[in-house]
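Line by line, the protein sequences are chains A and W. Residues in the first sequence are numbered from 664 upward in steps of one, following my numbering. Residues in the second sequence are numbered from 17 upward in steps of one, following my numbering. Beta carbons are placed, not taken as given, at the ideal position from N, Cα and C, and that holds for glycine.
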Amino acid sequence: MDPELTTEQKNGAKASILVIVLVLVLFVMVLVAGHPIMYFGTGPASVVYTIVIYTPVLALCALAYRRLR
Amino acid sequence: MLPWYIPVGAELGTIAIAIVVAYAGVKAYGKERAAYFLAGSVLWTSIIENLGVLDKSYTYYTYAGLFGPNYSGYLFWVGQVPLWIELGWVVVALSLFVLIHEVLLPGRSPFLQAAVAGLFAVNIDLLIDPVAVANNLWQWINPSVYVLGVPAYNFAGWFCLIFFYDLLFNYTILQNKPVAVLGRIEGLFLGDRYTPDAKTARFAFRLIVTILVVAVLLTVIAAVLIAVAKTGGVA
């Protein structure tokens, strides 16, 4: 992390992590409320796909959060 | 017909998240630079998205008539594109920009930073787009090589949009640096306004140039994939 990052900037970065998590949550809600991902039908494949796709971006958020603490 | 709360939730939810990302941008970069990012990215994505609609690649009128014959499907529009689509793009672009430039890869090569942001944007869109298409939030029309029900050029588009906008904002607003290749052309077009402090004029000029470059690039990629789909029978 940049040692010159101010408290304000850290708050901005934390809010950015929150934003990405909210986007993921919003689309999981759409997924749950509507049709599952068409390509994978209605089975558990949709859930597996979601987990696989979310893992890298959640790892990015986790790493960023760790550096900000 | 899918439940009404899917388009309403997607639109209002994205607008709410956009308010949070605006807060993040202001905290990370101050009001002025955050305003540049927001205004520039809404303008940038509005033009590219509207070109996509005019080109009949996709449509956003899938929920038209939901609350009456005059209801176009969403509350706020910029041309033929709902505002929440532009804001969704801003949300992904700005949050990734802050995290990659300030926390994860500070001081690294701008091209590396932009490329990583582009890859993570594609990662996020790999869920957004298939879910949105399955729920009719938008509909792809063109024949193309499809991946998970979405044309492959869409993912190339996400990478290009984030990659180029990242570089544009970084060089023009954060660093406010002249770019060797563009310097003479900028001087030619901007004339007396081309001064070291002419951030707005330079940003606007570079924005237009980058939009043209990206539009041409994406048109070529889309055309190749459409041709592949037509010859190979992939719809």
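Alpha helix (DSSP H) segment containing residue i, residue limits
{"i": "residue 206 of chain W", "result": "196-206"}
{"i": "residue 146 of chain W", "result": "126-150"}
{"i": "residue 192 of chain W", "result": "Element bounds for residue 192 of chain W: n/a, residue is neither H nor E."}
{"i": "residue 105 of chain W", "result": "99-114"}
{"i": "residue 703 of chain A", "result": "Looking at the DSSP string, residue 703 of chain A is not in any alpha helix (DSSP H), and its letter there is neither H nor E."}
{"i": "residue 675 of chain A", "result": "670-696"}
{"i": "residue 19 of chain W", "result": "Careful: residue 19 of chain W lies outside any alpha helix (DSSP H) and carries neither H nor E."}
{"i": "residue 719 of chain A", "result": "708-731"}
Length of the line joining the Cα atoms of residue i and residue j
{"i": "residue 247 of chain W", "j": "residue 73 of chain W", "result": "18 Å"}
{"i": "residue 703 of chain A", "j": "residue 671 of chain A", "result": "43 Å"}
{"i": "residue 222 of chain W", "j": "residue 706 of chain A", "result": "47 Å"}
{"i": "residue 226 of chain W", "j": "residue 184 of chain W", "result": "8 Å"}
{"i": "residue 132 of chain W", "j": "residue 696 of chain A", "result": "32 Å"}
{"i": "residue 241 of chain W", "j": "residue 160 of chain W", "result": "5 Å"}
{"i": "residue 220 of chain W", "j": "residue 56 of chain W", "result": "8 Å"}
{"i": "residue 230 of chain W", "j": "residue 168 of chain W", "result": "16 Å"}
{"i": "residue 719 of chain A", "j": "residue 81 of chain W", "result": "38 Å"}
{"i": "residue 60 of chain W", "j": "residue 99 of chain W", "result": "13 Å"}
{"i": "residue 19 of chain W", "j": "residue 700 of chain A", "result": "16 Å"}
{"i": "residue 694 of chain A", "j": "residue 151 of chain W", "result": "8 Å"}
{"i": "residue 64 of chain W", "j": "residue 709 of chain A", "result": "30 Å"}
{"i": "residue 691 of chain A", "j": "residue 205 of chain W", "result": "47 Å"}
{"i": "residue 199 of chain W", "j": "residue 712 of chain A", "result": "46 Å"}
{"i": "residue 146 of chain W", "j": "residue 119 of chain W", "result": "30 Å"}
{"i": "residue 33 of chain W", "j": "residue 27 of chain W", "result": "10 Å"}
{"i": "residue 668 of chain A", "j": "residue 42 of chain W", "result": "14 Å"}
Any chain A beta carbon closer than 8 Å to residue i
{"i": "residue 136 of chain W", "result": "yes"}
{"i": "residue 115 of chain W", "result": "yes"}
{"i": "residue 89 of chain W", "result": "no"}
{"i": "residue 190 of chain W", "result": "no"}
{"i": "residue 37 of chain W", "result": "yes"}
{"i": "residue 44 of chain W", "result": "yes"}
{"i": "residue 168 of chain W", "result": "no"}
{"i": "residue 101 of chain W", "result": "no"}
{"i": "residue 165 of chain W", "result": "yes"}
{"i": "residue 111 of chain W", "result": "yes"}
Opposing strand residues paired with residue i [DSSP bridges]
{"i": "residue 74 of chain W", "result": "W:156"}
{"i": "residue 85 of chain W", "result": "Paired residues: none, contrary to the question."}
{"i": "residue 94 of chain W", "result": "W:97"}
{"i": "residue 162 of chain W", "result": "W:167"}
Minimum Cβ-Cβ distance from residue i to chain W less than 8 Å
{"i": "residue 714 of chain A", "result": "no"}
{"i": "residue 727 of chain A", "result": "yes"}
{"i": "residue 707 of chain A", "result": "no"}
{"i": "residue 678 of chain A", "result": "yes"}
{"i": "residue 732 of chain A", "result": "no"}
{"i": "residue 685 of chain A", "result": "yes"}
{"i": "residue 682 of chain A", "result": "yes"}
beta-carbon residue i near the ligand ADP non-hydrogen atom, thresh 7 Å
{"i": "residue 223 of chain W", "result": "The ligand ADP is not part of the structure shown, which contains no ligands of any sort."}
Anything in the region 140-154 of chain W with a Cβ closer than 9 Å to a Cβ of chain A? List those residues in chain order, please. Listed in sequence order: 140, 142, 143, 144, 146, 147, 148, 149, 150, 151, 152, 153.
Residues in the region 694-706 of chain A having any Cβ partner in chain W nearer than 9 Å: Within the region 694-706 of chain A, those residues whose Cβ lies closer than 9 Å to any Cβ of chain W are, in chain order, 694, 696, 697, 698, 699, 700, 701, 702, 703.
Using a beta-carbon distance cut-off of less than 8 Å, what residues from the region 117-128 of chain W approach chain A? Per Cβ criterion, the list reads 118, 119, 120, 122, 123.
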